[in-house]
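Residue numbers for the sequence shown, in the working numbering: 1349 to 1703. Ideal Cβ positions, reconstructed from N, Cα and C, are used throughout, including at glycine. All values derive from a computational prediction rather than experimental measurement.
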Amino acid sequence: MVEIPFENHEAIITRLKVLSRLATDEHRATQDGKMVYKDHWGENIEIRLSVIPTTHKEKAVMRLLSDKSRRFSMADLGLQPEDFKKMSEMIHRPWGMILVTGPTGCGKTTTLYSVLKVLNQRDVNITTIEDPVEYDIEGVNQIQVNERTNLTFAKGLRSIVRQDPDIMMVGEIRDPETASIAVNAAMTGHLVLSTLHTNDAATAFPRLTEMEVENFLTASTVNLVMAQRLVRRICMSCIQSVEMTELEEQFIEGMPKVKEYLEELGKKKDISKFKLYKGKGCNVCNHTGYHGRIGVFEMLVVTDAIREAIMQEKNADEIHDIAIAEGMTSMLHDGLSKVIVGQTTLEEIMRVVRE
1349 MVEIPFENHE AIITRLKVLS RLATDEHRAT QDGKMVYKDH WGENIEIRLS VIPTTHKEKA
1409 VMRLLSDKSR RFSMADLGLQ PEDFKKMSEM IHRPWGMILV TGPTGCGKTT TLYSVLKVLN
1469 QRDVNITTIE DPVEYDIEGV NQIQVNERTN LTFAKGLRSI VRQDPDIMMV GEIRDPETAS
1529 IAVNAAMTGH LVLSTLHTND AATAFPRLTE MEVENFLTAS TVNLVMAQRL VRRICMSCIQ
1589 SVEMTELEEQ FIEGMPKVKE YLEELGKKKD ISKFKLYKGK GCNVCNHTGY HGRIGVFEML
1649 VVTDAIREAI MQEKNADEIH DIAIAEGMTS MLHDGLSKVI VGQTTLEEIM RVVRE
């Protein structure tokens, strides 16, 4: 961690703008750009720059996109075997909609790209509309949203439908117009992949209703909703088993659902006997105890019972409970299963997952 003197602020912002080919004389509007940096190991790191004006000075945030992410396959995501099987089955259906939900930066695009890698065959016409195009995929027609030329998600998607695609990926469903076009495309023989900003899988259905999609259309087109989060992975070079602390025991006792899941997964009633795992800290992980990230998921397959619940306008909590009864593993359950086997820590799961 390096602290930069405040007097260097403007010079650094200007330099970042130059490297990202942004207007250096524009200080009142938001700007987005990108640059490419090669690290010590020769790997290209694409840096996405976002600059916004604040009441004092401009603020810049950089997002790092590694070449390694391009090589991610579905097997690398961290899906449980049963969820991997469900996902594999659903993406090979010839039509319908698959939605990936979660907050910004939770890996939704990486998940969709890993799916496209599986589906990307010579005889399959795949077209995407993205904002921005994160990575180039050979053999896939990728379109960049451009607000300046009025190329929005909705307008781009409307044009894609006329291009006779087999599979369409919409970077994000943001408005009723995009939602309507995507749902209608899914109804007319296309497989549509997209993302929504919702906290869990079940909330995707009320969100589509808010976007003026009729319940019968949602029920008949959506095949799968996958909610996800990213948590830090314990460093395998310095992992060690540790006893559960008294504070952790008290924390778990105060959260009945967490206690129930841990007892089920660990096959023990006395949580004080649980072994947890943490990284001791080493040169590989820069003494943080963590190295890399892994996904935590819940896979909601739209069954007949879920379709009926959508048609009856049941709320997200009710749909979630029905999905659990139908065999869905919640994000909390999936996350705690990764704690038990030493892939991540209890602190990480409780930081990003709420149920």
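Helix, strand or coil at residue i according to DSSP, with G and I counted as helix
i: Asn1356; result: helix
i: Ser1462; result: helix
i: Leu1397; result: strand
i: Met1659; result: helix
i: Gly1444; result: strand
i: Asn1532; result: helix
i: Thr1569; result: helix
i: Thr1403; result: coil
i: Glu1391; result: coil
i: Ser1678; result: coil
i: Leu1684; result: helix
i: Gly1627; result: strand
i: Thr1551; result: coil
i: Thr1526; result: helix
Cβ-based neighbour list, residue i, same chain, cut-off 7 Å, excluding 5 preceding and 5 following
i: Thr1569; result: Gly1444, Met1445, Val1531, Ala1534, Met1535
i: Leu1412; result: Ile1393, Ile1395
i: Pro1451; result: His1545
i: Leu1694; result: Glu1596, Leu1624, Val1687
i: Leu1467; result: Ile1439, Ile1474, Ile1515
i: Thr1651; result: Glu1674
i: Thr1526; result: Phe1501, Ala1502, Leu1505, Val1518
i: Ile1587; result: Tyr1625, Gly1627, Gly1690
Neighbour-count burial assignment, residue i, 16 or more Cβ in a 10 Å radius
i: Ser1507; result: exposed
i: Thr1364; result: The sequence given here places Leu at residue 1364; Thr does not occur at that position. Buried, because 16 or more other Cβ atoms sit within 10 Å of the Cβ of Leu1364.
i: Ile1658; result: buried
i: Phe1622; result: buried
i: Phe1645; result: buried
i: Tyr1385; result: exposed
i: Arg1580; result: buried
i: Asp1548; result: buried
Boundaries of the alpha helix (DSSP H) in which residue i is found, first to last residue
i: Leu1505; result: 1501-1509
i: Phe1432; result: 1429-1439
i: Glu1406; result: Careful: Glu1406 lies outside any alpha helix (DSSP H), inside the beta strand (DSSP E) at 1406-1414.
i: Asn1634; result: Note, Asn1634: premise wrong, no alpha helix (DSSP H); not H, not E.
i: Val1700; result: 1694-1700
i: Glu1425; result: Strictly speaking, residue 1425 in this sequence is Leu, with Glu absent from that position. From DSSP, Leu1425 is part of no alpha helix (DSSP H); its letter is neither H nor E.
i: Lys1621; result: Note, Lys1621: premise wrong, no alpha helix (DSSP H); not H, not E.
i: Leu1375; result: Note that residue 1375 is His in the sequence shown, not Leu. From DSSP, His1375 is part of no alpha helix (DSSP H); its letter is neither H nor E.
i: Glu1666; result: 1664-1673
Boundaries (first-last residue) of the beta strand (DSSP E) holding residue i
i: Asp1380; result: 1379-1386
i: His1639; result: 1638-1649
i: Val1708; result: Outside the shown range of the chain, which is 1349 to 1703, sits residue 1708, and nothing can be said about it.
i: Ile1491; result: 1489-1492
i: Ile1485; result: It is not in any beta strand (DSSP E) - Ile1485 carries neither H nor E in the DSSP assignment.
i: Leu1544; result: 1539-1544
i: Ile1474; result: 1474-1478
**OP:** Would you mind listing the alpha helix (DSSP H) stretches within the region 1574-1611 that are 4+ residues and don't spill past its ends, in chain order?
**Re:** Listed in chain order, they are 1594-1601.
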